[in-house]
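Engineer:
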Amino acid sequence: MESTPTRSALLQARDERQVMGEGFRFLDEKRLLLAAEMARQFERYRQERELWLQQQQEAGSALQHSLLRHGLHGLQVLPAASAPPPLQCAQRRFFGVTLQEIPDALTGLQAFSAVETLSPEARLCQHRFGQLLLCSAVLAARSGNLHRLLAEYKRTERRARALEDVLLPELDSLIHEMDLSLEELDQEEAVRVRLGRPAE
82 MESTPTRSAL LQARDERQVM GEGFRFLDEK RLLLAAEMAR QFERYRQERE LWLQQQQEAG
142 SALQHSLLRH GLHGLQVLPA ASAPPPLQCA QRRFFGVTLQ EIPDALTGLQ AFSAVETLSP
202 EARLCQHRFG QLLLCSAVLA ARSGNLHRLL AEYKRTERRA RALEDVLLPE LDSLIHEMDL
262 SLEELDQEEA VRVRLGRPAE
């Protein structure tokens, strides 16, 4: 932007200052909304992680019982459970950040079924690890959401700080200097008019 002390340059600088101020207010509000969404996502992550830890403990316990009944080799040759139905992942956008939700996964925990011809210990082991797998998918989606939200928050924070700490103060200083220069020019012109001297 030119810094020649003219009225039009001053008006242009003030317009630019207004636009930058609006941009800063938008970024500041975006920071707050991103932080609130991160807090919501983190709370859900914490709850889902508690469930995952519980599922992991139950799966480990079921594996121990199954190993005691069948032995390692016996457990390795048992038929595998059928794969659970594919998870439906819903996506939504939040300030340009893709957030993923797996809405039916936790209800799918109950729907996972093991091979019926197995011993009760082996069926329970398959069921528990199936639950752990579904719970892991939910936790992974939530973790991805948090990482993407944090990256966007940091990017927004950098932009807001650049406006607040560098660009806006520089522009305010430029406007102040232009105001002073124009005021001095106006005073010189007023003195010239009063003394009847021609403009140089």
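Each residue of the sequence shown is one higher than the last, beginning at 82 in the numbering used here. Ideal Cβ positions, reconstructed from N, Cα and C, are used throughout, including at glycine.
#1: Would you mind sorting residue 211 into buried or exposed? The rule is 16 or more other CB atoms within 10 Å of its CB.
#2: Let me know if residue 273 comes out buried or exposed under the rule of 16 or more other beta-carbons within 10 Å of its beta-carbon.
#3: Would the segment 144-160 and the segment 219-230 be scored as touching if the rule is three or more Cβ pairs under 8 angstroms?
#4: So does the segment 153-171 actually touch the segment 238-246, counting three or more Cβ pairs closer than 8 angstroms?
#5: Measure from the alpha carbon of residue 136 to the alpha carbon of each residue in 275, 216, 270, then state which is nearest.
#6: Quick one, are the C-beta atoms of residue 253 and residue 88 less than 8 angstroms apart?
#7: Using only the alpha-carbon positions, how far apart do residue 267 and residue 250 sit?
#8: Residue 86: beta carbon under 7 angstroms from a heavy atom of the ligand ADP?
#9: For the alpha helix (DSSP H) that residue 87 lies in, which residues bound it at each end?
Structural biologist: So, from the data block:
#1: As a position in the sequence shown, residue 211 is number 130, starting the count at 1. Of the residues assessed, residue 211 falls on the buried side of the cut-off, its CB having 16 or more other CB atoms within 10 angstroms.
#2: In the sequence shown, counting from the first residue as 1, residue 273 sits at position 192. In this structure residue 273 is exposed. Its beta-carbon is surrounded by fewer than 16 other beta-carbon atoms within 10 angstroms.
#3: No, the segment 144-160 is not in contact with the segment 219-230.
#4: The segment 153-171 and the segment 238-246 do not touch, with fewer than 3 CB-CB distances between them shorter than 8 angstroms.
#5: On the sequence shown, position 55 is the one that residue 136 refers to. Looking at the Cα atoms, 216 is the closest of the given residues.
#6: Reading the sequence shown from its first residue, position 172 is the one you call residue 253. Reading the sequence shown from its first residue, position 7 is the one you call residue 88. No, these two residues do not count as a Cβ contact at 8 angstroms.
#7: Start at 1 with the first residue of the sequence shown, and residue 267 comes out as number 186. Start at 1 with the first residue of the sequence shown, and residue 250 comes out as number 169. Residue 267 and residue 250 have their alpha carbons spaced roughly 25 angstroms apart.
#8: Among the components modelled here there is no ligand, and therefore nothing to report on the ligand ADP.
#9: Residue mapping note: residue 87 aligns to position 6 of the sequence shown, counting from 1. Unbroken run through residue 87: none, as it is neither H nor E.
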